[in-house]
Amino acid sequence: MATAGLPWWRNRRLIPWLVQAGVGLAVLVLVAFLVTNLVRNLTAAGLLLSWSWLDNPAGFDIAETWLPFDAGLPYWRGLLAGLVNTLRVVVLGLVGSTLLGTLAGTASFSGNALLRSLARVYVEVIRNVPLLLQLVFWYFVVFLQLPNGSAAIQIPGLVLAKSGLYLGQPELVNGVWQASMRVSVEFGALLTGLVVYTGAFIAEVVRGGVAAVPAGQWEAARSLGFSPLQTLRSIVLPQALRAIVPGLNSQYISLAKNSSLAVACGYTDLYSVAETTLNQTGRAVEVVLILLGSYLVIDLTISALMNGLNQLVQLKER
Amino acid sequence: MDSPLLRRLRRDLFATPLDGLISIVLVVALAASAAGLLHWALVQAQWAVIQANSTLFAVGRYPLDQQWRLWLLTILLAAATGLSWGLLRALPRPDRPARLWPFNDRLAAVLLAGLALGLPLLLRLGTAIQLRWWVITALLLLARWAAGRWGRRIPDPVRRWIPLIWPLLYLLGMVLISGGLGLVNVSPSEWGGLLLTLLEASFAILLCFPLGVLLALGRRSALPLLRWGAVLYIEFIRGAPLITLLFLGQNILGFLLPGGLAPERVWRAAWVLTFFAAAYVAEAVRSGLAAVPLGQLEAARSLGLAMPQALIHVVLPQALRVALPATVGQFITLLQDTTLLSLIGLLDLLGTARTVMANPAFLGKNAEVYLVLAVLFWGCCAALGLGSRALETRLNTHSTAKA
Numbered sequence: 049m050a051t052a053g054l055p056w057w058r059n060r061r062l063i064p065w066l067v068q069a070g071v072g073l074a075v076l077v078l079v080a081f082l083v084t085n086l087v088r089n090l091t092a093a094g095l096l097l098s099w100s101w102l103d104n105p106a107g108f109d110i111a112e113t114w115l116p117f118d119a120g121l122p123y124w125r126g127l128l129a130g131l132v133n134t135l136r137v138v139v140l141g142l143v144g145s146t147l148l149g150t151l152a153g154t155a156s157f158s159g160n161a162l163l164r165s166l167a168r169v170y171v172e173v174i175r176n177v178p179l180l181l182q183l184v185f186w187y188f189v190v191f192l193q194l195p196n197g198s199a200a201i202q203i204p205g206l207v208l209a210k211s212g213l214y215l216g217q218p219e220l221v222n223g224v225w226q227a228s229m230r231v232s233v234e235f236g237a238l239l240t241g242l243v244v245y246t247g248a249f250i251a252e253v254v255r256g257g258v259a260a261v262p263a264g265q266w267e268a269a270r271s272l273g274f275s276p277l278q279t280l281r282s283i284v285l286p287q288a289l290r291a292i293v294p295g296l297n298s299q300y301i302s303l304a305k306n307s308s309l310a311v312a313c314g315y316t317d318l319y320s321v322a323e324t325t326l327n328q329t330g331r332a333v334e335v336v337l338i339l340l341g342s343y344l345v346i347d348l349t350i351s352a353l354m355n356g357l358n359q360l361v362q363l364k365e366r
Numbered sequence: 002m003d004s005p006l007l008r009r010l011r012r013d014l015f016a017t018p019l020d021g022l023i024s025i026v027l028v029v030a031l032a033a034s035a036a037g038l039l040h041w042a043l044v045q046a047q048w049a050v051i052q053a054n055s056t057l058f059a060v061g062r063y064p065l066d067q068q069w070r071l072w073l074l075t076i077l078l079a080a081a082t083g084l085s086w087g088l089l090r091a092l093p094r095p096d097r098p099a100r101l102w103p104f105n106d107r108l109a110a111v112l113l114a115g116l117a118l119g120l121p122l123l124l125r126l127g128t129a130i131q132l133r134w135w136v137i138t139a140l141l142l143l144a145r146w147a148a149g150r151w152g153r154r155i156p157d158p159v160r161r162w163i164p165l166i167w168p169l170l171y172l173l174g175m176v177l178i179s180g181g182l183g184l185v186n187v188s189p190s191e192w193g194g195l196l197l198t199l200l201e202a203s204f205a206i207l208l209c210f211p212l213g214v215l216l217a218l219g220r221r222s223a224l225p226l227l228r229w230g231a232v233l234y235i236e237f238i239r240g241a242p243l244i245t246l247l248f249l250g251q252n253i254l255g256f257l258l259p260g261g262l263a264p265e266r267v268w269r270a271a272w273v274l275t276f277f278a279a280a281y282v283a284e285a286v287r288s289g290l291a292a293v294p295l296g297q298l299e300a301a302r303s304l305g306l307a308m309p310q311a312l313i314h315v316v317l318p319q320a321l322r323v324a325l326p327a328t329v330g331q332f333i334t335l336l337q338d339t340t341l342l343s344l345i346g347l348l349d350l351l352g353t354a355r356t357v358m359a360n361p362a363f364l365g366k367n368a369e370v371y372l373v374l375a376v377l378f379w380g381c382c383a384a385l386g387l388g389s390r391a392l393e394t395r396l397n398t399h400s401t402a403k404a
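Quick mapping for you: the protein sequence lines, in order, are chains A and B.
Just so you know, we're using the working numbering here: the first sequence kicks off at 49 and counts up by one.
Just so you know, we're using the working numbering here: the second sequence kicks off at 2 and counts up by one.
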């Protein structure tokens, strides 16, 4: 290529380097500007990056934890308890929304027109209403309106009362429910909201995956004498899973991130503890770093697990 | 016993005994819940909480003596909507039949008139406000009719500039809302309700789109520095929950900028929403870019177009058409995400609702308020979704007509 006669701004090899150098320089200058300000402002406020405050006693209580926690324990224990609370709702939410989503997704292939349209309405209503609105609705309108005492809603093995949700063999002792396992209504509202919301998105993923299986597969299975349920379970779903698993991955990650809205229904998750910690210590930068890092690790873990699952369901080729 | 209706019923609902059982159970359950809901809405619910606070829900604590500015803006918006709507019908694409009042338009006009007549009455707004809504709706329909009737007579050079009224109106709206140019300043902390929700959403939607396109181009760029920069940004944003980023915006932005330069809390949130949504729009646009064959770019380049020209005139128009549904999906999510502002203490629709319900006079009216908000959001999001689908078909017909 004759480059001798060309002016430098038409030079095909030089331009990419110039563009990159320009963008890189601009980003570097911006970052340097921000960091200098950050350091100067933090120094002025006496809040320069430090992690020793994590060992100070927290001084606040958490209503419901799996990790034992009280106000005398250090901040890091509080944040850890919040993280465990987040993980609890995420794990149960993943299971619940997968079940609900699969149910609603397969219902849209039912022979029953009413069931089909019901699944459609569910998806269209839930996806077009903000999750936060749904969460406060579940908490304030449904769970906080539950009756207490003997008027509580009793299902064998489960009692729903305003004082909590009781599992196992709940029994009424002096007007108070007792059971081997109790969760708060805050947790119940958050879990219900997340499961119902994510379930609608998973239903769409499942529907898309099942619709991607050629109709001939259904017909072939039916003509071999499989019942509709058998066809779905042993012929269609294994094939549909190949399209479903990648879609599930992003929905699971959304669920994990959406669990940070717990504060709206009074459940103390990681974000909620972090907010309280910031209010008490003023350590904004450290708290945000902890938050971002924790959610990143949760997202990456889900992604890694789902990628493993994806390799399991993909077509094995010799 | 063999009418088509019966046959359809049997096929759809009673094909097998199990189907029949499911149908009966569902019908009973649906009827019971519908009856319960109707009874609640008509007998038990106390809608006074909505009626008494309708201004608060609409504009928040916007000063009463300055609210004429918002009415003026609504009038201008109605006129511009009517004008654009009428012109779209009067001047259709050359390859489509010209119909001034297609069925959908007549339906929309009737619905609009019905809403304008019914809703203010239902909310028992004052007579003066009722009258204003009627005039505004009449103006919209009148503008629609006039633009449809005489749109063809507008000379071509003028016609070309008409779309510009929208950006101009947006800027004018900003001035009307916040003040300046001789108007009294209204601080952003006094904006609220639907006004704040729409303002934040429209601001973020307008700005996140160009940002998202740039990020998507960066992610597919051959230049490693641009590519890695875009990947890093997109993955960082997509890995974090929005609430932590809003939290970051409220608590750390002040440290990152020299003293006094950090914007108002309302604007901080708007910028965070913008930068957040840009990463998701970038992913939508990237899938559109991936659908454009590489040969298109190569052909454009070998015809002598420079890289920016090739992207703007050849690649992006095709990519954006493919990316349209996903992009609008992101806009809908963004509109819903504005509710998170209530968690950082801003008075958007949901935040206003929470302050209203903290008022002892309206304690425990959660169901009424949240239901109305849900219907409102559902309406907006469903309408956006329908609009996107309509636009999609329109763009697709265009491409096949040309092929």
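Quick reminder that beta carbons are idealized off the backbone N, C-alpha and C, glycines included.
Asked: Beta-bridge partners of isoleucine 163 of chain B, as assigned by DSSP; Found: According to DSSP, isoleucine 163 of chain B bridges with nothing at all.
Asked: Distance, glycine 386 of chain B Cα to glycine 330 of chain B Cα; Found: 7 Å
Asked: At least 3 beta-carbon pairs within less than 8 Å: the stretch 72-79 of chain A vs the stretch 185-202 of chain A; Found: no
Asked: Residue-level contact to chain B via CB, leucine 54 of chain A, 8 Å cutoff; Found: no
Asked: Option in A:Cys313, A:Leu151, A:Ser232 and A:Val189 with minimal Cα separation from alanine 209 of chain A; Found: A:Ser232
Asked: Per-residue burial, arginine 390 of chain B [other beta carbons within 10 Å of its own, 16 or more giving buried]; Found: exposed
Asked: Local Cβ density within 10 Å of lysine 403 of chain B, reported as buried at 16 or more and exposed below that; Found: Residue placement at lysine 403 of chain B cannot be trusted, given a pLDDT of 40 that sits under 50; the coordinates are not used to answer.
Asked: Isoleucine 201 of chain A: first and last residue of the uninterrupted alpha helix (DSSP H) it sits in; Found: Counting along the chain, isoleucine 201 of chain A falls outside any alpha helix (DSSP H), though it belongs to the beta strand (DSSP E) covering 201-203.
Asked: Extent of the continuous alpha helix (DSSP H) to which glycine 194 of chain B belongs; Found: 194-220
Asked: Per-residue contacts from leucine 351 of chain B into chain A (C-beta, under 7 Å); Found: Leu180 and Leu181
Asked: Where arginine 61 of chain A sits in the DSSP three-state scheme; Found: coil
Asked: Under the three-state DSSP convention, the category tyrosine 1 of chain A falls into; Found: The structure shown has nothing for residue 1 of chain A, since chain A only spans 49 to 366.
Asked: Alpha carbon of glycine 240 of chain B to alpha carbon of leucine 344 of chain A, nearest angstrom; Found: 6 Å
Asked: Whole-number beta carbon distance between valine 189 of chain A and alanine 200 of chain A, since they are thought to touch under 8 Å; Found: So it is not a contact: roughly 17 Å between Cβ atoms.
Asked: Distance between beta carbons of phenylalanine 108 of chain A and threonine 240 of chain A, contact taken as under 8 Å; Found: About 27 Å separates the two Cβ atoms, so there is no contact after all.
Asked: Alpha helix (DSSP H) runs contained entirely in the stretch 204-279 of chain A, provided each spans 4 or more residues; Found: 233-259 and 263-271
Asked: Alpha carbon of proline 225 of chain B to alpha carbon of valine 67 of chain A, nearest angstrom; Found: 11 Å
Asked: Cross-chain neighbours of tryptophan 379 of chain B in chain A, by beta carbon under 9 Å; Found: Glu172, Val173, Asn176 and Val177
Asked: Contact residues within the stretch 66-87 of chain A, judged by C-beta distance below 8 Å to chain B; Found: Val67, Gln68, Val71, Gly72, Val75, Leu82, Asn85 and Leu86
Asked: Start-to-end residues for the alpha helix (DSSP H) that takes in valine 29 of chain B; Found: 18-40
Asked: Cutoff 8 Å: cysteine 382 of chain B Cβ touching any chain A Cβ; Found: yes
Asked: Residue closest to asparagine 355 of chain A, alpha-carbon to alpha-carbon, out of A:Ser307, A:Ser211, A:Ala291 and A:Ser275; Found: A:Ala291
Asked: Threonine 328 of chain B versus glycine 120 of chain A: straight-line alpha-carbon distance, rounded; Found: 49 Å
Asked: Distance CB(leucine 243 of chain B)-CB(leucine 342 of chain B) smaller than 8 Å; Found: no
Asked: Validate contact between the stretch 77-89 of chain B and the stretch 156-168 of chain B using beta carbons, cut 8 Å, 3 pairs; Found: yes
Asked: Whole-angstrom distance between methionine 358 of chain B and glutamine 217 of chain A, CA atom to CA atom; Found: 37 Å
Asked: Same chain, Cβ closer than 8 Å to histidine 314 of chain B, neighbours up to 5 away in sequence not counted; Found: Ala301 and Leu306
Asked: Per-residue burial, methionine 49 of chain A [other beta carbons within 10 Å of its own, 16 or more giving buried]; Found: Only weak support is given to the placement of methionine 49 of chain A: the predicted model assigns it a pLDDT of 47, under 50, and the question is left unresolved by the model.
Asked: Heavy atom of the ligand COA within 7 Å of leucine 208 of chain B beta-carbon; Found: Annotation note on the ligand COA: not contained in the displayed structure, which lists no ligands.
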